[in-house]
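Numbering (the numbering used here), first residue to last: 2 to 243.
Structure follows, in structure tokens:
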């Protein structure tokens, strides 16, 4: 049995983390039965972040590493291999993943952790006792996150430039999401479906933390329709959004 550790306490709900939802989707789309869901404190997580899994007594961090470990153990088949992606299709899928995880995730993260710091802190880091939260969150989360966004330069551009980047990247996302079926046009979902599902689920669960991103995505109704279609297909027992 694979135990998936995440922020969310209730196994009947999705999570606020893109990468937790992504790993959940990778395992579920791959047909892994009996996933056990556990919540925990981020301070006890390897590398200091979620998700991670417990597999055969070993603790394995990172969504990609955890999924690769399940493949290597023979628990699941790689989604891309099972769907029959060609080398060219796999390369295209990888570029789509970069769009989401390198660009859109950073834009959403900046809006959450910089522009809506207090709301995000109190929702995502709510397990930290209220009296300790301002100090611990500032030193352990805000400062390193602020430094990261300085180095990637998103905090150095103007709000107008960030808005233009947001619009162009969401427009690109809308162009690759189909109104029916899966991203790569195969009979089954592939890894990029899990990546995009994870991102959209994180976004839709906390719209108050990313209002600019939500407003832009809402211009393309088929984006969230795609996400909700996958949620209903693979997790019919869960609450669709919250």
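Glycine is no exception: its CB is placed at the ideal position from the N, C-alpha and C atoms.
Would the beta-carbon of residue 56 fall within 8 Å of that of residue 70? As a first step, residue 56 must be located in the chain shown, where it is residue number 55. As a first step, residue 70 must be located in the chain shown, where it is residue number 69. Yes. Within cutoff.
Can you give the Cα-Cα distance for residue 16 and residue 27, rounded to whole angstroms? What you label residue 16 is simply residue 15 of the chain shown in a count that begins at 1. What you label residue 27 is simply residue 26 of the chain shown in a count that begins at 1. Cα to Cα, the separation comes out at about 14 Å.
Looking at residue 242 and residue 205, is the spacing between their C-beta atoms short of 8 Å? In the chain shown, residue 205 corresponds to position 204, counting from 1. In the chain shown, residue 242 corresponds to position 241, counting from 1. Closer than 8 Å, so yes.
Please name the residue in 135, 4 and 128 whose C-alpha comes closest to that of residue 118. As a working mapping, residue 118 is identified with position 117 in the chain shown. Proximity to residue 118 across 135, 4 and 128 peaks at 135, based on C-alpha coordinates.
Taking the C-alpha atoms as reference points, what is the distance between residue 38 and residue 142? For the purposes of this step, residue 38 is identified with residue 37 of the chain shown, where counting begins at 1. For the purposes of this step, residue 142 is identified with residue 141 of the chain shown, where counting begins at 1. Straight through space, the alpha carbons of residue 142 and residue 38 are spaced by roughly 25 Å.
For residue 53, list the residues DSSP reports as bridge partners. For this step, residue 53 is matched to residue 52 along the chain shown. The partner list for residue 53 (beta bridge, DSSP) reads 6 and 62.
Measure the alpha-carbon distance for residue 79 versus residue 89 and round it to whole angstroms. Numbered from 1 along the chain shown, position 78 holds the residue referred to as residue 79. Numbered from 1 along the chain shown, position 88 holds the residue referred to as residue 89. Near 17 Å, if we compare the C-alpha coordinates of residue 89 and residue 79.
Where do the N-terminal and C-terminal ends of the beta strand (DSSP E) with residue 38 fall, by residue? Start at 1 with the first residue of the chain shown, and residue 38 comes out as number 37. Segment 37-40, the beta strand (DSSP E) holding residue 38.
Chain-order list of residues whose beta-carbon lies under 7 Å from that of residue 177 (same chain, five-residue window excluded): Along the chain shown, one-based indexing puts residue 177 at 176. Counting only Cβ-Cβ distances below 7 Å, and skipping sequence neighbours, we find 97 and 184.
Compute the Euclidean distance between the alpha carbons of residue 13 and residue 59, then round it to the nearest angstrom. Locating residue 13 in the chain shown gives position 12, counting from the first residue. Locating residue 59 in the chain shown gives position 58, counting from the first residue. The C-alpha of residue 13 lies about 25 Å from the C-alpha of residue 59.
Residues in its own chain within less than 8 Å of residue 225 by CB, not counting five upstream and five downstream? Numbered from its first residue, the chain shown carries residue 225 at position 224. Excluding positions up to five away in sequence, the list reads 201, 205, 218 and 219.
In terms of residue numbering, what span does the alpha helix (DSSP H) encompassing residue 134 cover? Within the chain shown, the letter at position 133 stands for residue 134. Under the DSSP assignment, residue 134 falls in the alpha helix (DSSP H) whose first and last residues are 134-138.
CA-CA distance, residue 244 and residue 187? In the structure as shown, the chain begins at 2 and stops at 243. Residue 244 is therefore absent and cannot be evaluated.
First and last residue of the uninterrupted alpha helix (DSSP H) at residue 13: Taking the chain shown and counting its residues from 1, the one referred to as residue 13 is at position 12. From DSSP, residue 13 is part of no alpha helix (DSSP H); its letter is neither H nor E.
For residue 32 and residue 4, the rounded distance between their alpha carbons: Position 3 of the chain shown, counted from the start, is the residue given in the question as residue 4. Position 31 of the chain shown, counted from the start, is the residue given in the question as residue 32. So the alpha carbons of these two residues sit roughly 15 Å apart.
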